[in-house]
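These notes concern the structure reproduced below.
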Amino acid sequence: MPHDETFAKLTRSTFRCRRCGACCRIPDGIVRVSGAEIARIAAFLGMTETEFIERETEISPDRKSLILKSRLNGACAWLTEDNLCRINAVKPERCRTFPLEWTNADSFQICPGLERKDLVRP
Ligand code: SF4
Ligand code: SF4
């Protein structure tokens, strides 16, 4: 299912997040963070931006931006065992907008909330 405007409207009205955390555990998934996002997250954590950048980010594979660090299993470092986001109040836009604003080819295999039967009203 393409991520067009109709899809976005459909998901916005009927999407139900299962709080499974699967979207935060994609092995080769990356979460880019902008300068403004870094400032916001660092302030939330009581860290300086430099501390946050040094401890919690790394260079993206394409070397174009900073991304949040992952654990060895590929899960985002901020994901708790209960599938909660420890920086939920200030999480990056990339996280806040999935899957209502963007999806990719793998999203429908990853996100159980995107099952078509759940998205289409009877
Ligand atoms: S920042 Fe939070 S929402 Fe984003 S990938 Fe990490 S745990 Fe998930
Ligand atoms: S994979 Fe989908 S259902 Fe699971 S937490 Fe992420 S958005 Fe919610």
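My numbering runs 776 ahead of the 1-based position in the sequence shown. All residues carry an ideal CB built from backbone N, CA and C; glycine is no exception.
Here ARG792 carries a coil assignment [DSSP, helix/strand/coil].
ALA818 is classed as buried because its beta carbon has at least 16 other beta carbons within 10 Å across all chains shown.
In the three-state reduction of the DSSP assignment, GLU877 falls in the coil class, being assigned neither a helical nor a strand state.
ALA815 is positioned such that its CB atom lies no closer than 7 angstroms to that of GLU830. Fully contained in the region 807-885 are the following alpha helix (DSSP H) runs of length 4 or more, in chain order: 811-821, 825-832 and 869-872. For the pair GLU877 and GLU869, the Cα-to-Cα distance works out to about 10 angstroms.
Closest in C-alpha terms to ARG792, from the list PHE874, ALA865 and ASN880, comes PHE874. The DSSP-derived three-state label of CYS800 is helix. In the same chain as ARG795, and ignoring 5 residues on each side of it, the C-beta atoms closer than 6 angstroms to its own belong to ASN859, in chain order. The chain-ordered list of residues whose CB is nearer than 5 angstroms to some heavy atom of ligand 2 reads CYS793, ARG794, CYS796, ALA798, CYS799, CYS887 and GLY889.
Restricting attention to ALA851, CYS871, GLU857 and GLN885, the CA atom closest to the CA of SER810 is found in CYS871.
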